[in-house]
Structure formats: C-alpha cells, structure tokens
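Asker: Numbering (UniProt numbering), first residue to last: 1 to 126.
From the three backbone atoms N, C-alpha and C, an ideal C-beta is built for every residue, glycine too.
1. Specify, as a first and last residue, the run of the beta strand (DSSP E) that residue 20 falls within.
2. I'd like to check one pair, residue 38 with residue 73: are the Cβ atoms closer than 9 angstroms?
3. Could you tell me the distance, in whole angstroms, from the CA atom of residue 3 to the CA atom of residue 45?
4. With residue 50 as the anchor, note down where its alpha helix (DSSP H) starts and where it stops.
5. May I ask which residues mark the beginning and end of the beta strand (DSSP E) holding residue 109?
6. Quick one: grab the DSSP three-state call for residue 59.
7. I need the boundaries of the beta strand (DSSP E) containing residue 89, first residue and last residue.
8. Start and end of the beta strand (DSSP E) containing residue 123?
9. Excluding the five sequence neighbours on either side, which residues of its own chain have a C-beta within less than 7 angstroms of the C-beta of residue 42, listed in chain order?
10. Kindly indicate which three-state DSSP category residue 29 falls into: helix, strand or coil?
Following this line, the structure appears as structure tokens:
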C-alpha cells in the first residue's frame, strides 16, 4: 500500500481528514491510483467505520457509492450496480431518501449510510 494507507484483505484504505466535494474526493483518490472506498459487505464496512472513527467520530465521510447518473440507480465507484433492496447495505432507516431531490452521493453519517448532495464538503475514504 501507499504511505498512509491500511491494508485490509486485498485492498488498501486511507481516511482523509479534509473536507472535499464528492467529485474532489474522487480526484484525490484517483491521484493515489485508487477510488473512493466501497464497503460492499459488513466486514469492509466495519473496517472503514473504525478507520474513520479513529480520525473523527462525528464528521460525515464520503465513500464510493452514488446515483448521480440516474436517480434511484445506485452504483459503486467501479461501475458495478448496488441494489438497495437485495445487496448488503448499511443505509440508515429511511435512507436513501433523496431529500428535496439532489441527494445523490453516499456518506457515513452516525452509525450508517446516508445520501447527501454531492456538492457538500465532507471528509472521505479512498
């Protein structure tokens, strides 16, 4: 793994303690040769939450899941689909809710996942 990254399974993760939009966060990860982190299962989700909590327990953190291309069609940063009904997920109760429209990017909020405007500036995990 690159400096500052933590190896888990076959992936390397790094928590960035700086606020960026979803697009800016993607660019930082890309500069490292990676993508925003993709917590596809409980184990990876737990690892990412512990990594981010070590940096900041209360802030929101972007990870690599959005429905920017088409509302309601969530997909991971690598382009694979995420079916919010059948795939493992950690969405908080009532989420994703696209509150007032335009909430297209997923983030860690509290103990689970939430959707928020991609233009919001949050910390992030590559």
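Answerer: If we stick to the structure as given:
1. Within the chain shown, residue 20 is the residue found at index 20, counting from 1. Taken as a continuous stretch (DSSP letters only), the beta strand (DSSP E) holding residue 20 covers 15-20.
2. Locating residue 73 in the chain shown gives position 73, where the first residue counts as 1. Locating residue 38 in the chain shown gives position 38, where the first residue counts as 1. Between residue 73 and residue 38, the C-beta gap is not smaller than 9 angstroms, which leaves the two residues out of contact.
3. Taking the first residue of the chain shown as position 1, residue 3 is located at position 3. Taking the first residue of the chain shown as position 1, residue 45 is located at position 45. Distance between residue 3 and residue 45, taken at the CA atoms: about 22 angstroms.
4. Here residue 50 refers to the residue found at position 50 of the chain shown. For residue 50, the uninterrupted alpha helix (DSSP H) segment begins and ends at 42-55.
5. As a first step, residue 109 is located in the chain shown; it is residue number 109 there, counting from the start. Looking at the DSSP string, the run of the beta strand (DSSP E) that includes residue 109 is 105-109.
6. Within the chain shown, residue 59 is the residue found at index 59, counting from 1. Here residue 59 sits in coil by DSSP.
7. As a first step, residue 89 must be located in the chain shown, where it is residue number 89. Boundaries cannot be given for residue 89, as no beta strand (DSSP E) includes it and DSSP labels it neither H nor E.
8. Here residue 123 refers to the residue found at position 123 when the chain shown is read from its first residue. Here the beta strand (DSSP E) through residue 123 covers 122-125.
9. Within the chain shown, residue 42 is the residue found at index 42, counting from 1. Hits under 7 angstroms: 88.
10. Reading the chain shown from its first residue, position 29 is the one you call residue 29. Of the three classes helix, strand and coil, the one that applies to residue 29 here is helix, per DSSP.
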